[in-house]
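Using our numbering, the first residue of the sequence shown is number 0, and each one after it goes up by one.
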Amino acid sequence: MIGFAVIEMAFSWAMGGTSPWAPLGIFGTGTLQAIVPSAAVGGGPRTVAVGAALLVAIGALSGVIVAIIVNRVGTATAAIIGAVFGIAMYAVDMYGVARIFPSLVGLRDWMSALAYVIQGALTAGLYKAMTRDVVEAVAEGTGHDLRDLRNVRLV
0 MIGFAVIEMA FSWAMGGTSP WAPLGIFGTG TLQAIVPSAA VGGGPRTVAV
50 GAALLVAIGA LSGVIVAIIV NRVGTATAAI IGAVFGIAMY AVDMYGVARI
100 FPSLVGLRDW MSALAYVIQG ALTAGLYKAM TRDVVEAVAE GTGHDLRDLR
150 NVRLV
């Protein structure tokens, strides 16, 4: 979700005319209101830090889910599946979770939807690019290739 945060911050500043920190502040406000409902939440650096921490945690969880989904498909297909996953996350966050945390309603716009789609496609595409099988540098039977030790017996 770091990609989402960067894209959303850029869109907020360039297109919306608001502070680039506003999206992180909105996520931080929702999080702090969930943890301490009676506290008055401002838009200061602590709120932004909480919002960034929340997006990192959500990003880790969604990254694991995307990796499980796209594990056995090609890179281009994975990017398409990631984009669909991103728009599904947008729908869940902005229309499901926003019922519980009304502060998220401020992020219901095309810029957020596009940021979710880009984040999903990037997550899936980069996962596939980073985990693809590497062609062996050593011909079979002529030496040892220590890069792939997944099938080696330990005893």
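For glycine and all other residues, C-beta sits at the position ideal for the given N, C-alpha and C. Given the structure is predicted, the values throughout are model-derived calculations rather than measurements.
Since I believe residue j is in contact with residue i (beta carbons under 8 Å), could you give me their beta-carbon distance rounded to a whole number of angstroms?
i	j	result
residue 69	residue 128	About 11 Å; that fails the 8 Å criterion.
residue 118	residue 85	5 Å
residue 88	residue 111	About 11 Å separates the two Cβ atoms, so there is no contact after all.
residue 22	residue 106	6 Å
residue 66	residue 120	About 14 Å; that fails the 8 Å criterion.
residue 24	residue 50	6 Å
Would you identify the three-state DSSP class for residue i, choosing helix, strand or coil?
i	result
residue 16	coil
residue 131	coil
residue 104	helix
residue 69	coil
residue 22	helix
residue 36	coil
residue 43	coil
Taking C-beta to C-beta, are residue i and residue j nearer than 8 Å?
i	j	result
residue 114	residue 10	yes
residue 47	residue 20	yes
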